Amino acid sequence: MKLSFLIALSLFTACTSQTQETLPNVKPCKLEFFETYSFEEIQANWLAACAYTKQSDTLVKYMDLTLEQLNMRGLTNTVQQEDPFAVGYIQEENIAEVDSMLNIPKVKDLFPKDLLFLFSESPLNGSNYLALYAIKVPANNEAMITGKDIENATAEADKTNGTVNIMLTMTENGSQKWEKMTRDNVGKSIAIVVDRKVVSCPVVYEAISGGTTNINGVLSIQEGKLLAARINAGR
């Protein structure tokens with residue numbers, strides 16, 4: 009069955025006036041916006057990694073498995089490709105195994121040097137699957153947009169679907185960077201990452217000006233307020 013994106017992202021061009029979300033003693037989070045590789049861009053690399061994890065004695069020793077166990081699993085049988093903008097989908101119980109395989113030095117060497125694999129923050133739409141994304145890390149190891157580019161984050165209930173939206177209003181500099189980032193990535197996806205977990209990976213359809221972005225799909229107002237407060241605390 010087709011699995012959908014982790015969280016749909018609605019992009020607004022009009023700025024809104026919101027009260028800043030704050031909570032006492034909240035733990036700051038690290039917010040980052042990254043460009044991504046589509047699966048098509050790294051398909052040859054991925055197939056090479058799949059072949060390696062099906063037959064490597066070195067990998068067997070690294071993961072403390074028998075070759076028979078490895079050949080039954082590998083990346084081929086643990087990662088489902090169902091979306092052009094995600095590398096694939098993995099059941100929660102297999103996340104540690106897939107992460108171990110992707111961090112084998114010889115497997116990492118099969119991919120571009122600026123590629124970082126990150127998992128989605130939560131299972132998809134009530135399933136037990138997490139998404140795997142291929143993140144492009146800039147040469148300076150800094151995300152193109154970070155929490156420093158956010159002026160304010162607020163949580164707001166969406167009465168139409170019962171979920172909660174996180175409204176992000178950017179600084180002037182952040183707004184300029186966001187417009188350029190979206191202009192450069194029309195037809196591609198941008199990963200919004202919190203503490204190295206992907207909370208959203210929307211496809212860009214046009215350049216976005218105005219500096220206001222809305223992350224929707226948070227399950228409760230309490231979760232939304234906490235995330236907004238953590239973003240504000242981490243600016």
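By our numbering, the letter at position 183 of the sequence shown is numbered 191, and the numbering carries on one by one without gaps. Even for Gly, the Cβ is constructed at its ideal location relative to N, Cα and C. Remember, predicted model here, so these are calculated numbers, not experimental data.
message = Tell me the residue span of the beta strand (DSSP E) that contains glutamate 43.
response = Taking the first residue of the sequence shown as 1, we reach residue 43 at position 35. Annotation: the continuous beta strand (DSSP E) that includes glutamate 43 extends over 39 to 45.
ask   = Is alanine 139 closer than 8 Å to tyrosine 45 when the C-beta atoms are compared?
value = As a working note, residue 45 is residue 37 in the sequence shown. As a working note, residue 139 is residue 131 in the sequence shown. No. Outside cutoff.
key: C-alpha distance - leucine 165 paired with isoleucine 174, whole-angstrom precision   = Indexing the sequence shown from 1 puts residue 165 at position 157. Indexing the sequence shown from 1 puts residue 174 at position 166. Contrary to the premise, residue 165 reads as alanine rather than leucine in this sequence. The alpha-carbon atoms of alanine 165 and isoleucine 174 are separated by roughly 9 Å.
message = Can you give me the C-alpha to C-alpha distance between arginine 243 and glutamate 101, rounded to a whole angstrom?
response = Here residue 243 is taken as the residue at index 235 of the sequence shown, counted from 1. Here residue 101 is taken as the residue at index 93 of the sequence shown, counted from 1. Their backbone Cα atoms lie some 34 Å apart in a straight line.
task = Let me know the alpha helix (DSSP H) ranges lying completely inside the stretch 153 to 239, each 4 residues or longer, listed in chain order.
result = Those alpha helix (DSSP H) runs which fall completely within the stretch 153 to 239 and span 4+ residues are 180 to 192.
query = Just checking my contact of glutamine 211 with phenylalanine 93 at CB under 8 Å: how many whole Å lie between their CB atoms?
reply = Mapped onto the sequence shown, residue 211 falls at position 203. Mapped onto the sequence shown, residue 93 falls at position 85. According to the sequence shown, residue 211 is valine rather than glutamine. Between phenylalanine 93 and valine 211 the Cβ distance is about 6 Å, and since that is below 8 Å, they are a contact.
key: lysine 156 versus valine 145: straight-line alpha-carbon distance, rounded   = If you number the sequence shown from 1, residue 156 lands on position 148. If you number the sequence shown from 1, residue 145 lands on position 137. Rounded to whole angstroms, lysine 156 to valine 145 spans 18 Å at the Cα level.
ask   = What are the residues that DSSP puts in a beta bridge with tyrosine 60?
value = Here the question's residue 60 lines up with position 52 in the sequence shown. Paired residue(s): none; tyrosine 60 is not in a bridge.
ask   = For leucine 88, does the three-state DSSP call read helix, strand or coil?
value = Taking the first residue of the sequence shown as 1, we reach residue 88 at position 80. Per the sequence presented here, residue 88 reads as glutamine, with leucine not at that position. Here glutamine 88 sits in strand by DSSP.
key: Helix, strand or coil at isoleucine 112 [DSSP, three-state]   = Your numbering for residue 112 matches position 104 in the sequence shown. Isoleucine 112 falls in the coil class under three-state DSSP.
inquiry  = Taking the alpha carbon of lysine 114 as the reference point, which residue from Ala237, Gln89 and Cys58 has its own alpha carbon closest?
reply    = Stepping through the sequence shown from its first residue, residue 114 is reached at position 106. Minimum Cα distance to lysine 114 is reached at Cys58.
ask   = By the 10 Å Cβ neighbour count, where 16 or more other Cβ atoms means buried, how is isoleucine 229 classified, buried or exposed?
value = For the purposes of this step, residue 229 is taken as residue 221 along the sequence shown, with counting starting at 1. So isoleucine 229 counts as exposed.
task = Measure the C-alpha to C-alpha separation of serine 217 and cysteine 209 and round it to an integer number of angstroms.
result = Here residue 217 refers to the residue found at position 209 when the sequence shown is read from its first residue. Here residue 209 refers to the residue found at position 201 when the sequence shown is read from its first residue. Approximately 19 Å between the Cα atoms of the pair.
ask   = Where do the ends of the beta strand (DSSP E) carrying glycine 96 lie?
value = Stepping through the sequence shown from its first residue, residue 96 is reached at position 88. Note, glycine 96: beta strand (DSSP E), 96 to 99.
key: Nearest candidate by alpha-carbon position, reference glycine 219, set Ser183, Ala241 and Tyr213   = Indexing the sequence shown from 1 puts residue 219 at position 211. If you compare the alpha carbons of Ser183, Ala241 and Tyr213 with that of glycine 219, the shortest gap goes to Ser183.
ask   = Among residues of its own chain, excluding the 5 on either side of alanine 56, which ones have a beta-carbon nearer than 6 Å to its beta-carbon?
value = In the sequence shown, residue 56 corresponds to position 48, counting from 1. Leu118.
request  = Please confirm whether any heavy atom of the ligand ATP lies closer than 7 Å to the CB of glutamate 101.
outcome  = The ligand ATP is not part of this structure, which contains no ligands at all.
query = Whole-angstrom Cβ separation of valine 202 and glutamate 150, contact assumed at under 8 Å?
reply = Against the sequence shown, residue 202 aligns to sequence position 194. Against the sequence shown, residue 150 aligns to sequence position 142. That pair is no contact at about 16 Å.
Pair within 8 Å by beta-carbon distance, threonine 154 and leucine 234 = Stepping through the sequence shown from its first residue, residue 154 is reached at position 146. Stepping through the sequence shown from its first residue, residue 234 is reached at position 226. Not closer than 8 Å, so no.
key: With 16 other Cβ atoms within 10 Å as the buried cut-off, status of aspartate 91   = Taking the first residue of the sequence shown as position 1, residue 91 is located at position 83. Buried, by the Cβ-count rule.
message = Once DSSP output is grouped into helix, strand and coil, what is the label at leucine 55?
response = By one-based count along the sequence shown, residue 55 stands at place 47. Three-state DSSP puts leucine 55 in a helix.
task = For glutamate 159, count neighbouring C-beta atoms within 10 Å of its own C-beta (all shown protein chains included) and say buried if the count is 16 or more, exposed if not.
result = In the sequence shown, the residue the question calls residue 159 occupies position 151. Glutamate 159 is buried by the Cβ-count criterion.
inquiry  = Using a 10 Å radius around the Cβ and a threshold of 16 neighbouring Cβ atoms, would you call serine 135 buried or exposed?
reply    = As a position in the sequence shown, residue 135 is number 127, starting the count at 1. Answer is exposed; the Cβ neighbour count stays below 16.
ask   = Out of curiosity, what's the CA-to-CA distance linking glutamine 248 and asparagine 133?
value = Nothing in the structure corresponds to residue 248, since the chain is present only between 9 and 243.
message = Can you look up lysine 10 in the DSSP assignment and give me helix, strand or coil?
response = Here residue 10 refers to the residue found at position 2 of the sequence shown. Any reading at lysine 10 is ruled out, since the residue's pLDDT is 36, under 50, leaving its predicted position unreliable.
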